[in-house]
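One structure is given below, encoded as structure tokens.
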Amino acid sequence: MTTRRSRLGITGMTCANCAGTVTGALESLDGVTEVTVNYATDEGTVSYDAGRTSLAEIYAAIDDAGYGAVDETATVAIADMTCANCAGTVESALCGVPGVIEADANFATDEARVRFNPEDASREDLYAAIERAGYEPIREDGGGGDGGDEGDGPDGGRTRRDAARAAVTERLRRLTLFGAALSVPLLAMLVAELFVPGLLPTEIPRTGLPLGWVAFAFATPIQYFLGREFYENSYNAVVRNRRANMDVLIALGSTTAYAYSVAVLLGLVAGGLYFDTAALILVFITLGNYLEARSKSRAGDALRQLLEMGADTATVVSADGIEREVPVEEVEVGDRMKVRPGEKIPTDGVVVEGESAVDESMVTGESVPVEKGEGDEVLGATVNENGSLVVEATRVGEETALRRIVRLVRDAQSRQPDVQRLADRISAYFVPAVIANALLWAGLWYLSPDALAGIVNALPLWGPVAGGPEVAGGGVTAFEFAVIVFASAVLIACPCALGLATPAATMVGTTIGAQHGVLFKGGDVLERVRDVDTVVFDKTGTLTRGEMRLTDVVPADDLPAPSDRRDAATDGGRLAAVERSDEESVLRLAATAERDSEHPIARAVVAGADERGLDLDAPESFESVPGHGVRATVEGSTVLVGNRKLLRDAGIDPAPAEATMERLEREGKTAMLVARDGRLAGVVATADTAKESAAAAVSALRARGVAVHMITGDNERTARAVAERVGIDPENVRAGVLPGDKADAVESIQAVGRRVMMVGDGVNDAPALAAAYVGTAIGSGADVAIEAADVTLMRDDPRDVVRAVRISEGTLAKIRQNLFWALGYNTAMIPLASLGLLQPVLAAAAMALSSVSVLTNSTLFRAYDPDRDYRLLGFLRR
Numbered sequence: 001m002t003t004r005r006s007r008l009g010i011t012g013m014t015c016a017n018c019a020g021t022v023t024g025a026l027e028s029l030d031g032v033t034e035v036t037v038n039y040a041t042d043e044g045t046v047s048y049d050a051g052r053t054s055l056a057e058i059y060a061a062i063d064d065a066g067y068g069a070v071d072e073t074a075t076v077a078i079a080d081m082t083c084a085n086c087a088g089t090v091e092s093a094l095c096g097v098p099g100v101i102e103a104d105a106n107f108a109t110d111e112a113r114v115r116f117n118p119e120d121a122s123r124e125d126l127y128a129a130i131e132r133a134g135y136e137p138i139r140e141d142g143g144g145g146d147g148g149d150e151g152d153g154p155d156g157g158r159t160r161r162d163a164a165r166a167a168v169t170e171r172l173r174r175l176t177l178f179g180a181a182l183s184v185p186l187l188a189m190l191v192a193e194l195f196v197p198g199l200l201p202t203e204i205p206r207t208g209l210p211l212g213w214v215a216f217a218f219a220t221p222i223q224y225f226l227g228r229e230f231y232e233n234s235y236n237a238v239v240r241n242r243r244a245n246m247d248v249l250i251a252l253g254s255t256t257a258y259a260y261s262v263a264v265l266l267g268l269v270a271g272g273l274y275f276d277t278a279a280l281i282l283v284f285i286t287l288g289n290y291l292e293a294r295s296k297s298r299a300g301d302a303l304r305q306l307l308e309m310g311a312d313t314a315t316v317v318s319a320d321g322i323e324r325e326v327p328v329e330e331v332e333v334g335d336r337m338k339v340r341p342g343e344k345i346p347t348d349g350v351v352v353e354g355e356s357a358v359d360e361s362m363v364t365g366e367s368v369p370v371e372k373g374e375g376d377e378v379l380g381a382t383v384n385e386n387g388s389l390v391v392e393a394t395r396v397g398e399e400t401a402l403r404r405i406v407r408l409v410r411d412a413q414s415r416q417p418d419v420q421r422l423a424d425r426i427s428a429y430f431v432p433a434v435i436a437n438a439l440l441w442a443g444l445w446y447l448s449p450d451a452l453a454g455i456v457n458a459l460p461l462w463g464p465v466a467g468g469p470e471v472a473g474g475g476v477t478a479f480e481f482a483v484i485v486f487a488s489a490v491l492i493a494c495p496c497a498l499g500l501a502t503p504a505a506t507m508v509g510t511t512i513g514a515q516h517g518v519l520f521k522g523g524d525v526l527e528r529v530r531d532v533d534t535v536v537f538d539k540t541g542t543l544t545r546g547e548m549r550l551t552d553v554v555p556a557d558d559l560p561a562p563s564d565r566r567d568a569a570t571d572g573g574r575l576a577a578v579e580r581s582d583e584e585s586v587l588r589l590a591a592t593a594e595r596d597s598e599h600p601i602a603r604a605v606v607a608g609a610d611e612r613g614l615d616l617d618a619p620e621s622f623e624s625v626p627g628h629g630v631r632a633t634v635e636g637s638t639v640l641v642g643n644r645k646l647l648r649d650a651g652i653d654p655a656p657a658e659a660t661m662e663r664l665e666r667e668g669k670t671a672m673l674v675a676r677d678g679r680l681a682g683v684v685a686t687a688d689t690a691k692e693s694a695a696a697a698v699s700a701l702r703a704r705g706v707a708v709h710m711i712t713g714d715n716e717r718t719a720r721a722v723a724e725r726v727g728i729d730p731e732n733v734r735a736g737v738l739p740g741d742k743a744d745a746v747e748s749i750q751a752v753g754r755r756v757m758m759v760g761d762g763v764n765d766a767p768a769l770a771a772a773y774v775g776t777a778i779g780s781g782a783d784v785a786i787e788a789a790d791v792t793l794m795r796d797d798p799r800d801v802v803r804a805v806r807i808s809e810g811t812l813a814k815i816r817q818n819l820f821w822a823l824g825y826n827t828a829m830i831p832l833a834s835l836g837l838l839q840p841v842l843a844a845a846a847m848a849l850s851s852v853s854v855l856t857n858s859t860l861f862r863a864y865d866p867d868r869d870y871r872l873l874g875f876l877r878r
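Below, the structure written as structure tokens:
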């Protein structure tokens, strides 16, 4: 039993009952032995058996109870991971640190993303755990914060990280050149022996020593300098971490050939010399590692280029109008910056003076410049095209949109899809299985050479194989052949290609998304998007522009009079429920009542009154009725503005306005009733036009076989009018859905087995985004919606939903291509090596090139355009 004690910072508690709720939630976990929660200090202490429950489960229990526990996230660069098994070793080491909640190590990006409890663990603890596992963490300066990368500032850890990676690449280049230079004489001797027998002497002149000592002299430095890293990594893997990785295979293969040759040279065994094989194995593998490092670097170039697009300096304007140029890191929130034509906007901000067109393509992917004027928001790193602007900084440093995009994409690259976890599990068992297979076939060749010799005796590569100590005619002994089979069988089986197949493609796919304004929160999200079969759009601000405009004001006097209304006029009946008013008075009532509302419809009514020059006073009281309208006191009168239910609940019959309401709603407008002191005063209507790209997005989704739905709080007729305009089937429209019920609507669709992508932009969409299989937020929407979403669309373009699906499909297709070739390669090559049909040198070359081919295939994906379907090798797409 491993007992651990964790101290937690707990958020969201407001009373002693909250502390009791958290305590109960934690005590219900299996393995928790003691819980203390202090509401006054917002802290808790938990003692638990680490073998029965985990810190991750404790955090999840607190979250499920409706509270939060303080955590921190660090992304640590690691200089010397060489395969997927190395990543698994690092993950295990990090997860063993008390206080670590979860860890993800990514071999393709050479990084580990760690979520930990800052009360129990520190970054130094993480570094120490990585070092104990035998790997080198890159210690970085700079901030971190939740979810942040360390040192991503212009002069911070990102520079050190890139410098470390460049140093590794340069070291591999030098080792490759060193090994290649020493291998040339060995290769020349091999060629002469194979093709010009007798050309070389059997002894070194004037020494009497066998010529093999020359090969020994060239091969030994290669074995030491190129092989040293593989030996050290193998020791760390096997002795320290009790795991076998790719380095173990390489060390076994090259050492087998080298040691056997030394034994032959010393007369301990009979057979040929394989110094050239031992040396070329290490040269080819080191060359492969060098090419792999370069390919991995190129795969992340686009993201680094995006990060480097920011401005270096800013022209800050003081209160007295004096301009001074400062480094962009010194800009603070509230500073005013002058941005001239052609200059980059230094930070996120709002335009306070001037007009211009701004090129936002590097952040949103939108190629058409956007017109900006006073009050408009601008993003850092975007380019001012023509006029001069004065911009007030609103977000600086790590909080700018560009930095958040880069941070989000890097976080996404560290979150593994399910297919990668499967590949990692295969890799963990793969190396021991390969070694067992090599030992088995080496033993069979040694013990039963006569039974197996027919397989290779016809090949000129080896000559006859027999069981005796020597074979006439240039053949090989069974022991010698068994050694070569063992070396070939361990060298050919490279788990690296399998381990790289998913993270390399995911890294490129998430970067492509960022370049086109589509941000995925993780590789697992990228994988899920491909499986979406239903897209549910919120209406306002998603399919429509979200900019409501006042279109109609109909006083009660102008409402069409039904027959029952005329009858009522004689007895003071129904006409008593209608207030006589003109258009201006109805609009003044509605706008004054709506003045304190933040709803888009309310803002449209108020803006319409302003455009008509009406002076509005503040309402004496105001109450919002969610999903129905508002209730306010205006000039001592009770005023209602909202839907039919709002008036009915107040005892007012909306029937006199029904015909007008229906007409306006058929036109796609949102109509609202206005009543004063219990009497109907009139109708006001607003309209929100559909976005130009909405119909194209819906059409493209339906063409892919994806069902398209719409959920809105608007009334049925208005919702159907918009749905008809954009091409959504009427039966897939859910209207009049209250904000709190949107998540229920999404879950009801998923309850019948559908995988729903919910697309929304408002605060009231956040629960539905969280409930959906994939939540997608429009980037211009509320921060809480973006936080709850799995995918963020930086542009207000519904077609980006289609682009997200295409990028997901393309990335998954690329992953499947990589896995197909990696698994196909191993499936074909391992039997060949086991049957003695493959030279160790060729096995080493093939092993190195397999990883390079997977990375090259992934890097080629960078040219993909998400405005079209990915069709290469279509049989591997699904």
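Just so you know, we're using the UniProt record's numbering here: the sequence shown kicks off at 1 and counts up by one.
Virtual Cβ for every residue (Gly too), placed ideally from N, Cα, C.
Asked	Found
Do you know offhand how far residue 509's Cα is from residue 35's?	44 angstroms
Under three-state DSSP, which class holds residue 805?	helix
Rounded to a whole number of angstroms, what is the C-alpha to C-alpha distance between residue 19 and residue 43?	9 angstroms
Assuming residue 197 contacts residue 211 under a Cβ cut-off of 8 angstroms, what Cβ separation, rounded to an integer in Å, is found between them?	Not a contact, Cβ separation roughly 13 angstroms.
In angstroms with no decimal places, state the Cα-to-Cα distance between residue 103 and residue 6.	18 angstroms
Do the CB positions of residue 275 and residue 225 come within less than 8 angstroms of each other?	no
What's the C-alpha gap between residue 860 and residue 382?	27 angstroms
Can you list, in chain order, the residues of its chain whose CB lies under 6 angstroms from that of residue 531, leaving out five sequence neighbours each side?	755
Which term fits residue 24, buried or exposed, when burial requires 16 or more other beta carbons within 10 angstroms of its beta carbon?	exposed
Helix, strand or coil for residue 6, going by three-state DSSP, please let me know.	strand
Please report the straight-line C-alpha distance between residue 204 and residue 135, rounded to a whole angstrom.	44 angstroms
Based on Cα-Cα distance, which residue from 193, 538 and 447 lies nearest to residue 796?	538
Rounding to the nearest angstrom, what Cα-Cα distance links residue 748 and residue 370 in this structure?	39 angstroms
Could you tell me the distance, in whole angstroms, from the CA atom of residue 155 to the CA atom of residue 689?	No answer about residue 155 holds up, because its pLDDT of 40 lies below 50 and its placement is not dependable.
Under the rule that 16 or more other beta-carbon atoms within 10 Å means buried, what is residue 11, buried or exposed?	exposed
In its own chain, which residues sit with a C-beta less than 7 angstroms from the C-beta of residue 651, not counting the 5 before and 5 after it?	678
In angstroms with no decimal places, state the Cα-to-Cα distance between residue 116 and residue 507.	24 angstroms
Tell me which same chain residues have a C-beta within less than 6 angstroms of the C-beta of residue 279, skipping the five on either side of it?	183, 186, 219 and 222
Residue 43 lies in the beta strand (DSSP E); which residues open and close that run?	43 to 49
What does the Cβ neighbour count give for residue 798, buried or exposed, with the cut at 16 atoms within 10 Å?	buried
Closest to residue 674 by CA distance: which of 666, 519, 683 and 667 is it?	683
Could you tell me the boundaries of the beta strand (DSSP E) in which residue 395 lies?	389 to 395
So, with DSSP's three-state summary, where would you put residue 318?	coil
Give me the residue from 851, 814, 821 and 95 with the minimum Cα distance to residue 863.	814
Between the stretch 600 to 616 and the stretch 581 to 588, do three or more beta carbon pairs fall short of 8 angstroms?	yes
Quick one: residues in its chain with C-beta nearer than 8 angstroms to the C-beta of residue 238, no 5 flanking neighbours on either side, listed in chain order?	244 and 248
Within the same chain, show all residues whose beta-carbon is closer than 6 angstroms to that of residue 147, passing over the 5 residues directly before and after it, in chain order.	Its pLDDT being 39, under 50, residue 147 is placed unreliably in this model, and the value from its coordinates should be taken loosely. Excluding residues within five positions, the ones whose Cβ falls inside 6 angstroms are 73.
In chain order, what residues of the same chain have a beta carbon less than 8 angstroms from the beta carbon of residue 133, not counting five sequence neighbours either side?	89, 90, 92, 93, 236, 240 and 241
Going along the chain, which residues of its own chain have a beta-carbon closer than 6 angstroms to the beta-carbon of residue 8, five neighbours each way excluded?	44 and 69
Out of 661, 672 and 287, which one is the CA nearest neighbour of residue 643?	672
How many angstroms separate the CA atom of residue 932 from the CA atom of residue 774?	Outside the shown range of the chain, which is 1 to 878, sits residue 932, and nothing can be said about it.
Could you give the residue range of the alpha helix (DSSP H) that holds residue 594?	583 to 594
Hey, quick one: how far does the beta strand (DSSP E) through residue 760 stretch, first residue to last?	756 to 760
Can you list, in chain order, the residues of its chain with a C-beta nearer than 6 angstroms to that of residue 890? Leave out the 5 residues immediately preceding and following it.	Only positions 1 to 878 of the chain appear in the structure, and residue 890 is not among them; the question remains open.
Whose C-beta lies closer than 6 angstroms to the C-beta of residue 790 among residues of the same chain, with five residues either side of it excluded?	521, 525, 774 and 775
Let me check understanding here. Comparing Cα to Cα, which of 4, 346, 743 and 601 lies closest to residue 53?	4
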